[in-house]
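Take a look at the structure set out below.
In full-length UniProt numbering, the protein residues as written are 1 to 326.
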């Protein structure tokens with residue numbers, strides 16, 4: 001029994017001696033784990049440092065790009081500003097030139113108005129018998145007064161205008177006689193196209209027969225025009241030299257042949273058709289047709305007198321029994 005215990009003890013002895021060995025193994029594992037943790041920590045630190053450096057580089061790159069972009073934007077703004085300044089300077093120069101032109105026009109209008117005022121101050125009882133010597137004297141006074149207020153260049157322009165007015169032909173004996181016999185006023189004209197032939201024929205015939213000047217025609221137009229016709233030329237009724245332009249403007253607005261013919265046809269169509277039982281209706285219709293023919297001839301539209309459509313339209317207004325006689 002003792003031997004067995006001894007053997008058991010011997011067997012147990014080595015096992016006890018081996019216990020420290022089994023206990024050291026965990027200690028070596030802990031040391032290895034610490035080393036691994038340290039290595040991982042160092043690697044993490046290195047990675048963080050590298051990330052920080054890359055972030056720093058990225059930030060620096062962004063700052064550089066931002067600075068370059070700001071520089072480009074500044075250059076673009078400077079170019080845009082310079083181009084805007086050039087355009088503004090060009091507009092200012094153009095505006096100054098236009099203002100100088102307007103000032104010159106205003107000065108010319110002022111001179112013309114002053115001439116008209118001086119003409120109106122002179123007593124003219126009968127413009128139809130105004131002598132040529134009085135007109136020359138008036139023009140010389142206007143020339144001397146206007147020349148005192150103008151520079152050399154403007155004075156030459158005004159003198160040339162006055163000389164042109166003085167060069168009008170003197171009145172002949174026939175024109176002086178016509179002034180005494182013919183009526184000076186023009187027929188009233190308010191802008192109705194059907195009244196244009198009578199108005200323009202009176203204006204042209206009396207101007208040619210009596211030798212009326214622009215100033216005299218201006219006075220006649222002031223007394224004759226009204227309504228739409230007056231509104232159309234109201235801005236130029238203060239200038240005697242503008243009389244030809246006024247007549248041209250009135251002709252374009254109210255004296256076109258098509259408008260005249262349409263107005264005359266409307267007037268005839270408005271006349272009631274003749275009644276076979278009432279002879280006075282034939283007289284009224286006949287006078288309307290006669291007036292239409294007179295206006296067509298006065299407007300120099302004689303080709304419409306043979307217009308078959310116009311003739312047929314007038315014929316259809318007659319009673320059936322009278323249409324056969326046409």
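Glycine included, C-beta positions come from ideal geometry on N, C-alpha and C.
The secondary-structure analysis by DSSP pairs residue 225 across a beta bridge with 189.
Where residue 201 is concerned, the enclosing alpha helix (DSSP H) starts and stops at 196-210. In terms of Cβ geometry, residue 233 and residue 215 do not form a close pair [threshold 8 Å]. Taken through DSSP and simplified to helix, strand or coil, residue 275 comes out as strand. Of the candidates 220, 237, 298, the residue whose Cα lies closest to the Cα of residue 256 is 298.
With a cutoff of 8 Å on beta-carbon distance, residue 314 and residue 293 are scored as not near each other. When the Cα atoms are used, residue 65 and residue 54 turn out to be separated by approximately 16 Å. When the five nearest sequence neighbours on each side are left out, the beta carbons in the same chain lying within less than 6 Å of the beta carbon of residue 273 are those of 317, in order along the chain. With fewer than 16 neighbouring CB atoms inside 10 Å of its own CB, residue 102 falls in the exposed class. Secondary structure at residue 307: coil, using DSSP grouped into helix, strand and coil. A distance of 8 Å or more separates the beta carbons of residue 261 and residue 287.
Along the length of the UniProt region "Disordered" (51-88), whole beta strand (DSSP E) runs at least 3 residues long do not occur. Rounded to the nearest whole angstrom, the CA to CA distance from residue 58 to residue 72 is 21 Å.
Contact annotation: the region 216-228 does not touch the region 80-96, with fewer than three C-beta pairs closer than 8 Å. The residues 265, 304, in chain order, have a CB closer than 8 Å to that of residue 310 in the same chain once the five nearest residues on each side in sequence are set aside. Within 10 angstroms of the beta-carbon of residue 229 lie 16 or more other beta-carbons, which makes it buried.
Taking the Cα positions, residue 199 is about 21 Å away from residue 239.
With 16 or more neighbouring CB atoms inside 10 Å of its own CB, residue 194 falls in the buried class. Within the same chain, 281 come within 6 Å of residue 275 by CB-CB distance, once the 5 residues on both sides are set aside.
Annotated as proximal: residue 190 and residue 226, with beta-carbon spacing under 8 Å. With a cutoff of 8 Å on beta-carbon distance, residue 224 and residue 187 are scored as near each other. Under the three-state reduction of DSSP, residue 294 is assigned to helix. By the neighbour-count definition (other C-beta atoms within 10 Å, threshold 16), residue 48 is an exposed residue. Membership of residue 245 in the alpha helix (DSSP H) is indicated by the continuous run 243-254.
In the three-state scheme derived from DSSP, where H, G and I count as helix and E and B as strand, residue 93 is classed as helix. Within 10 angstroms of the beta-carbon of residue 246 lie 16 or more other beta-carbons, which makes it buried.
Rounded to the nearest whole angstrom, the CA to CA distance from residue 51 to residue 41 is 15 Å.
A Cβ-Cβ contact shorter than 8 Å links residue 192 with residue 263. One alpha carbon belongs to residue 106, the other to residue 99, and they sit about 10 Å apart. In the DSSP assignment, residue 321 falls within the alpha helix (DSSP H) that extends over 320-323.
For residue 213, the three-state secondary structure derived from DSSP is coil. Between residue 268 and residue 284, the CB-CB gap reaches or exceeds 8 Å.
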